[in-house]
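Structure record follows, encoded as structure tokens.
In full-length UniProt numbering, the protein residues as written are 1 to 559.
Structure follows, in structure tokens:
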């Protein structure tokens with residue numbers, strides 16, 4: 001536990017990765033949390049639906065938890081709350097109105113009803129007291145309305161957490177970044193800046209979200225039939241541009257995908273999506289309109305197999321199909337690791353006869369994150385003593401460190417952290433002060449944390465090389481082999497086409513176990529290991545592959 005004059009920062013996620021952002025600040029008897037997000041599985045994590053941060057440390061210290069503060073409503077910042085919040089109650093969750101609405105919708109789905117949800121307005125809220133901490137939200141521009149960062153007053157000084165941000169001069173909702181608040185922080189003295197860094201590879205300044213609307217206007221004006229716009233379900237500003245453009249071109253907008261339908265409903269109810277012409281309709285009603293009057297806005301821009309766009313593309317959606325005359329706009333950039341899945345969906349759409357417009361063909365997506373010039377500007381606005389890059393892979397963090405050093409931050413004051421590393425900030429010094437447990441929890445179906453790295457590794461092996469069962473029968477009393485070996489395989493080789501290989505494998509097993517069938521006596525465990533090892537070595541020598549070998553030793557009574 002840190003003493004009363006220091007504050008410790010602990011990232012349980014978001015370091016060296018894109019997703020599952022969660023930051024703990026602790027001092028004395030108090031802890032506050034910023035964000036609680038999830039990540040999406042990579043291609044080498046078969047069967048995994050979602051990836052959550054491991055909050056074992058936070059769970060063990062939940063009596064010290066004074067509040068959870070959320071920067072905005074994207075999945076990588078709120079998505080873990082429905083799974084993890086029940087283990088932390090009672091604790092207040094603070095967020096802006098739209099973010100709170102999105103959180104409530106998620107909690108309702110999993111029937112978490114006891115949450116203490118508290119709203120703040122970043123334009124008027126006084127600092128929120130949470131134990132020794134004073135948390136001041138400030139407005140930032142991002143790809144979703146109501147995004148904020150936080151200035152956190154601590155016993156060791158002011159810590160500024162940017163959240164996801166960019167400096168958009170013409171945001172869709174008209175609400176600019178709160179430059180005055182950032183400059184006020186600088187006047188008070190910023191002890192530490194925790195900065196978004198994921199878009200650091202891009203030079204200059206990130207284009208305004210309005211640029212996407214200009215592309216939409218051209219595409220909508222040229223499209224002869226139905227239009228599909230695929231985007232993230234939480235990009236409310238992007239959905240607003242789809243609605244505005246559709247109205248200008250005399251079209252109706254039908255959301256497709258459960259999360260998108262829910263988010264559109266919540267944003268409309270709270271006033272963050274405007275639809276004065278009542279252009280938003282249900283997908284079932286769109287079927288009765290002429291093709292040239294329809295725009296579907298759909299989930300699945302990352303190639304997710306069960307999302308609306310994928311099901312439309314492969315012909316498995318129950319209500320909507322795609323074909324000649326349709327125009328599909330993939331209004332997103334693939335998240336690292338999703339490139340193959342996105343390309344596969346685009347290929348299916350082209351094969352169906354649709355005109356597909358995506359990042360390589362038109363400006364249909366802009367990032368919600370700061371490019372190099374904006375990252376430098378944030379450093380200038382806050383003039384921090386020390387800097388921590390977050391929300392990025394290792395290359396993003398390394399490049400941000402270079403940028404910060406070039407901007408005048410001393411090298412020793414740029415802190416390159418990993419998940420679980422404890423950064424202690426004192427009155428005079430900043431340094432590493434240990435490590436806590438920080439990893440990943442996998443969501444598989446409705447279960448959380450029951451599938452670990454070993455199971456994922458096994459699934460990976462099964463997907464790559466298949467499985468081979470080696471069965472022998474042994475006499476119960478003596479352990480003498482009296483039957484087999486018999487082989488059964490799935491996903492490795494076809495029995496009918498590879499009979500010679502399987503027969504050779506059985507011959508090698510008989511040779512290794514002894515011509516007289518004594519095998520390993522009555523040591524069943526040793527026999528199982530020998531079956532596995534001999535089979536694995538022989539098959540790798542013959543094929544260069546390593547199927548998962550499962551030995552089965554069956555005891556039988558011999559009369």
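Glycine is no exception: its CB is placed at the ideal position from the N, C-alpha and C atoms. Everything numeric in this text was worked out from a predicted model, so none of it was measured.
Identify whether residue 558 lies in helix, strand or coil by the three-state DSSP scheme.
-> Taking the first residue of the chain shown as position 1, residue 558 is located at position 558. In the structure shown, residue 558 sits in coil (DSSP, three-state: anything other than H, G, I, E or B).
Quick one: grab the DSSP three-state call for residue 412.
-> Taking the chain shown and counting its residues from 1, one reaches residue 412 at position 412. Note: residue 412 maps to helix in three-state DSSP.
Where does the unbroken beta strand (DSSP E) through residue 578 begin, and where does it stop?
-> This structure leaves residue 578 out entirely; the chain is present only between 1 and 559.
Going by C-alpha distance, which of 57, 190, 384 and 157 is nearest residue 88?
-> Translated into positions along the chain shown, residue 88 becomes position 88. Minimum Cα distance to residue 88 is reached at 57.
Exposed or buried, what is residue 541 when buried is set at 16 or more other beta-carbons lying within 10 Å of its beta-carbon?
-> For the purposes of this step, residue 541 is taken as residue 541 along the chain shown, with counting starting at 1. Per the 10 Å Cβ criterion, exposed.
Is the CB-CB distance between residue 245 and residue 220 below 8 Å?
-> For the purposes of this step, residue 245 is taken as the residue at position 245 of the chain shown. For the purposes of this step, residue 220 is taken as the residue at position 220 of the chain shown. Closer than 8 Å, so yes.
Spatial neighbours of residue 353 in its chain, beta-carbon cut-off 7 Å, leaving aside the 5 residues before and after | The residue labelled residue 353 in the question sits at position 353 within the chain shown. Cβ within range, chain order: 323 and 324.
Reduced DSSP secondary structure (H/G/I, E/B, other) of residue 208 = Position 208 of the chain shown, counting from 1, holds the residue named residue 208. Note: residue 208 maps to coil in three-state DSSP.
Following the continuous alpha helix (DSSP H) through residue 355, name the residue where it begins and the one where it ends.
-> For the purposes of this step, residue 355 is taken as the residue at position 355 of the chain shown. Unbroken run through residue 355 is the beta strand (DSSP E), 355-357; no alpha helix (DSSP H).
Residue span of the beta strand (DSSP E) that contains residue 304, given as start and end = In the chain shown, the residue the question calls residue 304 occupies position 304. Looking at the DSSP string, residue 304 is not in any beta strand (DSSP E), and its letter there is neither H nor E.
Kindly indicate which three-state DSSP category residue 490 falls into: helix, strand or coil?
-> Looking up residue 490 in the chain shown gives position 490. Three-state DSSP puts residue 490 in a strand.
Taking only the alpha-carbon atoms, compute the straight-line gap between residue 627 and residue 332 and give it to the nearest angstrom.
-> Missing from the structure shown is residue 627; the chain here goes from 1 to 559 and no further.
Where residue 515 falls, given that 16 or more other Cβ within 10 Å makes a residue buried | As a working note, residue 515 is residue 515 in the chain shown. Only weak support exists for where residue 515 lies, its pLDDT of 48 falling under 50; the coordinates are left without a value.
Compute the distance between the beta-carbons of residue 539 and residue 505, then report whether it is under 8 Å.
-> Position 539 of the chain shown, counted from the start, is the residue given in the question as residue 539. Position 505 of the chain shown, counted from the start, is the residue given in the question as residue 505. A contact, by the Cβ cut-off of 8 Å.
Cβ-based neighbour list, residue 8, same chain, cut-off 6 Å, excluding 5 preceding and 5 following = Residue mapping note: residue 8 aligns to position 8 of the chain shown, counting from 1. Once the five neighbours on either side are set aside, the close Cβ partners of residue 8 are 2, 26, 422 and 424.
Distance between residue 370 and residue 217 (C-alpha atoms, nearest Å) | One-based indexing of the chain shown puts residue 217 at position 217. One-based indexing of the chain shown puts residue 370 at position 370. Taking the straight line joining both Cα atoms gives about 25 Å.
Beta carbon of residue 71, beta carbon of residue 116: below 8 Å?
-> Translated into positions along the chain shown, residue 71 becomes position 71. Translated into positions along the chain shown, residue 116 becomes position 116. Cβ distance not < 8 Å, so residue 71 and residue 116 don't count as in contact.
Straight-line CA distance for residue 167 to residue 183?
-> Counting from 1 along the chain shown, the entry for residue 167 is found at position 167. Counting from 1 along the chain shown, the entry for residue 183 is found at position 183. Cα-Cα distance, rounded: 14 Å.
Contact belief for residue 472 with residue 483 at Cβ below 8 Å, rounded distance in angstroms | Taking the first residue of the chain shown as 1, we reach residue 472 at position 472. Taking the first residue of the chain shown as 1, we reach residue 483 at position 483. Contact holds; Cβ gap of about 6 Å.
Spatially closest choice to residue 155 from 171, 22, 129 and 146, by CA coordinates = On the chain shown, position 155 is the one that residue 155 refers to. Of the listed residues, the one whose Cα sits closest to residue 155 is 129.
Candidates 75, 490 and 113, of which the one nearest residue 86 by Cα | Along the chain shown, one-based indexing puts residue 86 at 86. Looking at the Cα atoms, 113 is the closest of the given residues.
Which whole-angstrom value is the C-beta distance of residue 400 and residue 200, which I expect to be below 8 Å?
-> Taking the chain shown and counting its residues from 1, one reaches residue 400 at position 400. Taking the chain shown and counting its residues from 1, one reaches residue 200 at position 200. With a Cβ gap of about 5 Å, residue 400 and residue 200 count as contacting.
Pull up the distance between the alpha-carbon of residue 517 and that of residue 462, whole angstroms please.
-> Numbered from 1 along the chain shown, position 517 holds the residue referred to as residue 517. Numbered from 1 along the chain shown, position 462 holds the residue referred to as residue 462. In this predicted model, residue 517 has a pLDDT of only 48, less than 50, meaning its place in the structure is not dependable enough to derive any value.
Pick helix, strand or coil for residue 105, following the three-state DSSP scheme.
-> The residue you call residue 105 lines up with position 105 of the chain shown. In the structure shown, residue 105 sits in a helix (DSSP, three-state: H, G or I).
Just the C-alpha distance for residue 396 and residue 149, rounded to the nearest angstrom, thanks.
-> By 1-based counting over the chain shown, the position of residue 396 is 396. By 1-based counting over the chain shown, the position of residue 149 is 149. Computed Cα separation, rounded: 20 Å.
What does a CB cutoff of less than 7 Å around residue 123 pick up in its chain, not counting 5 residues either side in sequence?
-> Translated into positions along the chain shown, residue 123 becomes position 123. Here the set comprises 139.
Nearest to residue 121 (by Cα), restricted to the options 174, 313, 417 and 100 = The residue given as residue 121 occupies position 121 in the chain shown. Checking every option, the nearest Cα to that of residue 121 belongs to 100.
Provide the residue(s) that pair with residue 138 in DSSP beta bridges, ordered along the chain.
-> Translated into the one-based positions of the chain shown, residue 138 becomes position 138. Looking at the DSSP assignment, residue 138 forms a beta bridge with 149.
May I have the straight-line CA-CA distance separating residue 261 from residue 255, to the nearest angstrom?
-> If you number the chain shown from 1, residue 261 lands on position 261. If you number the chain shown from 1, residue 255 lands on position 255. Taking the straight line joining both Cα atoms gives about 6 Å.
What did DSSP end up calling residue 192 once you bin it into helix, strand or coil?
-> As a first step, residue 192 must be located in the chain shown, where it is residue number 192. Three-state result, residue 192: strand.
Outcome for residue 40 when other beta-carbon atoms lying within 10 angstroms are tallied against a minimum of 16 = Walking along the chain shown from the start, residue 40 turns up at place 40. Residue 40 is buried by the Cβ-count criterion.
Just checking my contact of residue 365 with residue 234 at CB under 8 Å: how many whole Å lie between their CB atoms?
-> Here residue 365 corresponds to residue number 365 of the chain shown, with the count starting at 1. Here residue 234 corresponds to residue number 234 of the chain shown, with the count starting at 1. Actually they are not in contact, since the Cβ atoms of residue 365 and residue 234 sit about 14 Å apart, beyond 8 Å.
Sufficient close CB pairs (3 or more, under 8 Å) joining the region 407-420 to the region 374-392 = yes
Cβ shell of residue 359 (< 7 Å), same chain only, five flanking positions each side left out = Reading the chain shown from its first residue, position 359 is the one you call residue 359. Taken in chain order, the residues that qualify are 333 and 365.
Reducing DSSP to helix, strand and coil, say where residue 400 ends up.
-> By one-based count along the chain shown, residue 400 stands at place 400. Reduced to three states, the DSSP call for residue 400 is helix.
Can the beta-carbon of residue 215 be found closer than 8 Å to that of residue 95?
-> Counted from its first residue, the chain shown places residue 215 at position 215. Counted from its first residue, the chain shown places residue 95 at position 95. Result no, Cβ atoms of residue 215 and residue 95 do not sit closer than 8 Å.
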